[in-house]
Amino acid sequence: MALSLISFMQQRCNTVNFFMRQKSIHKIQQNPLFHSSDKLFDIVGSSAELWKTVTSVSKAGQKKGRLRTRQPIRPLHKFFRIGAGPIRVSIPGLNAPLHQKEMELIEPTEDYVNEVQEKFITAIKEKSTKLGRRINKEKIHSLLRGFSGTKVAGQKLGPPPPIGDVTFDGFDSCCLVLKRTINMTTRGRKFTMNALVITGNGKGLVGYAVAKSNIFRPMAAVATALKAASRKLFHVELLEDRTIYQDFYAECRNTRIFAQRCPPGHGLHCHPRLIKICELVGIKDLYAKVEGSTTNYLALTHAFLTGLLNQETHEELAERKGLHVVKLSPHHHYLPEIVASPKYSQLKKEDEITPKEVRVYQCFTRLKLDDFYGEGRYPLKKPPKKPFYINTPGHLEAEWRKHPFRNHENAAIRLMADGLISRWTREERNNWGVKRHEMVMKGLLPVAQGIGLSDVRRDPD
3 MALSLISFMQ
13 QRCNTVNFFM
23 RQKSIHKIQQ
33 NPLFHSSDKL
43 FDIVGSSAEL
53 WKTVTSVSKA
63 GQKKGRLRTR
73 QPIRPLHKFF
83 RIGAGPIRVS
93 IPGLNAPLHQ
103 KEMELIEPTE
113 DYVNEVQEKF
123 ITAIKEKSTK
133 LGRRINKEKI
143 HSLLRGFSGT
153 KVAGQKLGPP
163 PPIGDVTFDG
173 FDSCCLVLKR
183 TINMTTRGRK
193 FTMNALVITG
203 NGKGLVGYAV
213 AKSNIFRPMA
223 AVATALKAAS
233 RKLFHVELLE
243 DRTIYQDFYA
253 ECRNTRIFAQ
263 RCPPGHGLHC
273 HPRLIKICEL
283 VGIKDLYAKV
293 EGSTTNYLAL
303 THAFLTGLLN
313 QETHEELAER
323 KGLHVVKLSP
333 HHHYLPEIVA
343 SPKYSQLKKE
353 DEITPKEVRV
363 YQCFTRLKLD
373 DFYGEGRYPL
383 KKPPKKPFYI
393 NTPGHLEAEW
403 RKHPFRNHEN
413 AAIRLMADGL
423 ISRWTREERN
433 NWGVKRHEMV
443 MKGLLPVAQG
453 IGLSDVRRDP
463 D
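Numbering of the sequence shown is given in my numbering, commencing with residue 3 and proceeding in unit increments.
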């Protein structure tokens with residue numbers, strides 16, 4: 003017969019006998035006040051003393067960091083009353099005398115049910131008001147939400163506060179950066195909040211500033227930066243009130259920006275911070291490529307606004323060079339259209355232009371405007387990556403079979419765009435070919451010549 007030693011083994015549990023802390027149960031039962039549950043609780047000890055038995059940490063444990071990971075004290079009396087519930091039960095020693103032997107169910111009365119319901123309703127209302135900042139918070143539209151969630155960075159702040167009699171009607175502001183900064187001092191780390199705010203009226207007038215505040219008052223930095231930005235306004239020239247005058251290159255620290263003007267309807271295709279800046283400046287069509295550091299938002303803002311300030315209008319360019327500034331557009335068959343001419347300086351002649359800055363192409367004498375701005379820098383444009391099957395025999399054969407039809411799609415689009423063919427059907431194409439043949443036979447159109455076609459001449463009559 004085997005002998006088990008389980009009953010003799012020492013077992014430890016993580017429980018505390020509260021009733022043995024100060025007075026024994028025998029003394030409690032002899033006390034004449036033991037019929038009341040509240041008096042019984044007072045005899046055993048206060049709630050602070052009971053929680054101390056669970057949450058107390060020794061001095062050695064405090065040195066090892068156990069004080070921060072201790073169980074927090076929960077005020078149970080604020081949330082529910084022990085022994086109360088939807089089903090009323092008389093428990094000996096809790097809400098009934100100890101000499102009562104068994105637990106009994108108490109039938110709830112109508113007044114008791116109404117009282118419980120009112121308590122629940124008031125508790126829910128109080129909870130909703132306490133958590134109203136989280137629950138009843140007004141939802142922000144996705145386009146006005148900012149860069150990340152509900153953070154203030156990227157959100158519109160409205161116009162700056164007035165300065166005396168000067169008001170900023172039509173202005174709008176935006177917080178580009180709100181971050182925590184650390185400065186190491188002899189007393190330790192000093193935390194502050196840093197805010198970058200920009201303001202503008204959407205018509206070329208813009209200003210930006212940086213401010214700091216206490217770590218516990220982050221919005222104070224935003225308010226201070228907003229006031230400072232309204233006192234540092236400057237004007238930016240815009241082409242047609244929608245884009246920049248010329249492509250430019252700007253840099254600040256390790257941030258490099260290549261800005262390129264775009265036609266109407268292109269939109270803003272650039273860094274999210276640059277999009278906010280363009281909206282406040284009034285730029286509607288722009289493409290900008292940012293190279294280097296894209297997270298140093300102060301350097302990004304300074305570089306872009308410096309590039310906008312260093313722009314040169316068409317009139318200033320004509321005065322500086324003493325030449326006409328012309329526009330070549332495919333809508334006018336690339337015929338030169340004069341945009342600006344020198345007013346105060348004398349117009350240069352063809353002999354006065356140095357040969358280094360001249361390029362002759364199809365009887366047009368033009369300056370290399372690409373070298374005027376950008377300091378000879380160009381953004382990195384990587385070629386598209388070629389697939390692995392580019393030189394396989396099957397792919398080369400397929401491309402060779404498609405080679406005779408390489409321009410059919412563009413020709414079809416051109417014919418329908420010019421209104422020569424209403425629909426791409428055989429009948430429409432045949433009718434267009436017949437009309438063109440008749441015009442060639444009448445001598446209204448020249449005979450088609452090109453690759454593979456020899457010179458066609460009429461036979462003498």
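No residue lacks a Cβ here, since even glycine has one placed at the ideal position from N, Cα and C.
My guess is that ILE259 and GLY309 are in contact by the Cβ rule of under 8 Å, so how many angstroms apart are they, rounded? Against the sequence shown, residue 259 aligns to sequence position 257. Against the sequence shown, residue 309 aligns to sequence position 307. About 6 Å separates the two Cβ atoms, so the contact holds.
Nearest neighbour of ARG379, chosen from VAL154, ALA231, GLN262 [CA to CA]: Taking the sequence shown and counting its residues from 1, one reaches residue 379 at position 377. For ARG379, the nearest C-alpha among the options comes from GLN262.
Element boundaries [alpha helix (DSSP H), containing SER232]: In the sequence shown, residue 232 corresponds to position 230, counting from 1. 220–232 is the span of the alpha helix (DSSP H), which, as asked, contains SER232.
Rounded straight-line distance, which links the Cα of ILE93 to that of GLN73: In the sequence shown, residue 73 corresponds to position 71, counting from 1. In the sequence shown, residue 93 corresponds to position 91, counting from 1. Computed Cα separation, rounded: 29 Å.
How about the region 280–287 and the region 335–346: do they share at least three Cβ pairs that are nearer than 8 Å? no
Between which two residues does the beta strand (DSSP E) holding GLN262 run? Position 260 of the sequence shown, counted from the start, is the residue given in the question as residue 262. Unbroken beta strand (DSSP E) run through GLN262: 257–263.
Between LEU159, ALA252, PHE390, which has its C-alpha nearest LYS229's C-alpha? Walking along the sequence shown from the start, residue 229 turns up at place 227. Residue LEU159 is the option with its Cα nearest to LYS229.
So the alpha helix (DSSP H) GLY309 belongs to, where does it begin and stop? In the sequence shown, the residue the question calls residue 309 occupies position 307. Note, GLY309: alpha helix (DSSP H), 299–311.
Under 8 Å: do the region 192–201 and the region 219–229 share three or more Cβ pairs, one atom per stretch? yes
If you check the beta carbons only, do THR201 and LEU319 fall under 8 Å apart? In the sequence shown, counting from the first residue as 1, residue 201 sits at position 199. In the sequence shown, counting from the first residue as 1, residue 319 sits at position 317. No, they are not a contact pair.
Answer with buried or exposed for PRO162, where buried requires no fewer than 16 other C-beta atoms within 10 angstroms of its C-beta. The residue labelled residue 162 in the question sits at position 160 within the sequence shown. Label assigned to PRO162: buried.
Tell me which residue opens and which closes the beta strand (DSSP E) that LYS181 is part of. Stepping through the sequence shown from its first residue, residue 181 is reached at position 179. Here the beta strand (DSSP E) through LYS181 covers 174–187.
For ASN203 and PHE173, believed in contact at Cβ under 8 Å, the rounded distance: The residue labelled residue 173 in the question sits at position 171 within the sequence shown. The residue labelled residue 203 in the question sits at position 201 within the sequence shown. Yes, they are in contact, since the Cβ atoms of PHE173 and ASN203 sit about 5 Å apart, within 8 Å.
Between the Cα of ALA231 and those of GLU239, PHE218, VAL208, spot the shortest distance and give me the residue it belongs to. Locating residue 231 in the sequence shown gives position 229, where the first residue counts as 1. Residue nearest to ALA231 within the set GLU239, PHE218, VAL208 is VAL208 (criterion: CA-CA distance).
Among ALA252, ALA400, ARG233, which has the Cα closest to the Cα of PHE170? Within the sequence shown, numbered from 1, the residue matching residue 170 stands at position 168. That would be ARG233, whose Cα lies nearest to the Cα of PHE170.
Only counting the same chain, and skipping five residues up and downstream in sequence, which positions put a Cβ closer than 8 Å to that of ILE217? Position 215 of the sequence shown holds residue 217. Hits under 8 Å: ARG182, PHE193, THR194, MET195.
Select from LEU307, ALA305, TYR346, LEU337 the residue whose C-alpha is nearest the C-alpha of ARG322. Against the sequence shown, residue 322 aligns to sequence position 320. Checking every option, the nearest Cα to that of ARG322 belongs to TYR346.
State the beta-bridge partners of VAL328 as determined by DSSP. Taking the first residue of the sequence shown as 1, we reach residue 328 at position 326. DSSP output for VAL328 lists ILE340 as bridge partner(s).
Return the chain-ordered list of same chain residues with a C-beta closer than 7 Å to the C-beta of PRO220, the five sequence neighbours on each side being excluded. The sequence position of residue 220 within the sequence shown is 218, counting from 1. Result list for PRO220: LEU180, MET195, in chain order.
By how many angstroms is the C-alpha of VAL449 removed from the C-alpha of GLY206? Here the question's residue 206 lines up with position 204 in the sequence shown. Here the question's residue 449 lines up with position 447 in the sequence shown. Distance between the alpha carbons of GLY206 and VAL449 is about 56 Å.
Let me make sure I understand the geometry here. Which of ASN185, LEU240, ARG189 has the alpha-carbon closest to that of LYS214? Taking the first residue of the sequence shown as position 1, residue 214 is located at position 212. Answer by Cα proximity: ASN185.
Specify the secondary structure class of ALA197 as computed by DSSP and reduced to three states. If you number the sequence shown from 1, residue 197 lands on position 195. Here ALA197 sits in strand by DSSP.
Starting from GLY160, trace the alpha helix (DSSP H) both ways and give me its first and last residue. Mapped onto the sequence shown, residue 160 falls at position 158. Neither: GLY160 is in no alpha helix (DSSP H) and is coded neither H nor E.
Apply the 10 Å Cβ neighbour rule to VAL56 and answer buried if 16 or more other Cβ atoms are within range, or exposed otherwise. If you number the sequence shown from 1, residue 56 lands on position 54. Exposed, because fewer than 16 other Cβ atoms sit within 10 Å of the Cβ of VAL56.
What residues in its chain sit with their C-beta under 6 Å from that of SER295, if we drop five residues either side in the sequence? Position 293 of the sequence shown, counted from the start, is the residue given in the question as residue 295. If we look at SER295 and ignore the five residues flanking it on each side, its Cβ neighbours are ASN256, THR257.
To the nearest angstrom, how far is the alpha carbon of SER58 from that of LYS65? Residue numbering aside, residue 58 sits at position 56 when the sequence shown is read from its first letter. Residue numbering aside, residue 65 sits at position 63 when the sequence shown is read from its first letter. Near 13 Å, if we compare the C-alpha coordinates of LYS65 and SER58.
I need the straight-line Cα distance from CYS464 to ASP249, nearest angstrom please. Residue 464 is absent from the structure shown; the chain starts at 3 and stops at 463.
Hey, how far is the Cα of GLY269 from the Cα of LEU145? Here the question's residue 269 lines up with position 267 in the sequence shown. Here the question's residue 145 lines up with position 143 in the sequence shown. One C-alpha to the other measures close to 15 Å.
Please classify VAL168: is it buried, with 16 or more other beta-carbons within 10 angstroms of its beta-carbon, or exposed? Sequence index remark: in the sequence shown, residue 168 carries index 166 (1-based). By the neighbour-count rule (16 or more Cβ atoms within 10 Å), VAL168 is not buried but exposed.
Is the distance from the Cβ of VAL91 to the Cβ of ILE108 below 8 Å? To locate residue 91, count along the sequence shown from 1; it is residue 89. To locate residue 108, count along the sequence shown from 1; it is residue 106. Yes; because the gap between Cβ atoms is below 8 Å, this pair is in contact.
N-terminal and C-terminal residue of the beta strand (DSSP E) that CYS254 is part of: Locating residue 254 in the sequence shown gives position 252, counting from the first residue. Looking at the DSSP string, the run of the beta strand (DSSP E) that includes CYS254 is 250–254.
Bridge-paired residues (DSSP) for GLU106: The residue labelled residue 106 in the question sits at position 104 within the sequence shown. GLU106 is bridged to SER92.
In three-state terms, what does DSSP make of ARG191? Against the sequence shown, residue 191 aligns to sequence position 189. Three-state DSSP puts ARG191 in a strand.
Should ALA50 go down as buried or exposed, given a rule of 16 or more other Cβ atoms within 10 Å for buried? Position 48 of the sequence shown, counted from the start, is the residue given in the question as residue 50. It is exposed - the Cβ of ALA50 has fewer than 16 other Cβ atoms within 10 Å.
Selection from THR297, LYS127, PRO266 that minimises the alpha carbon distance to LEU276: For this step, residue 276 is matched to residue 274 along the sequence shown. Closest by alpha carbon: THR297.
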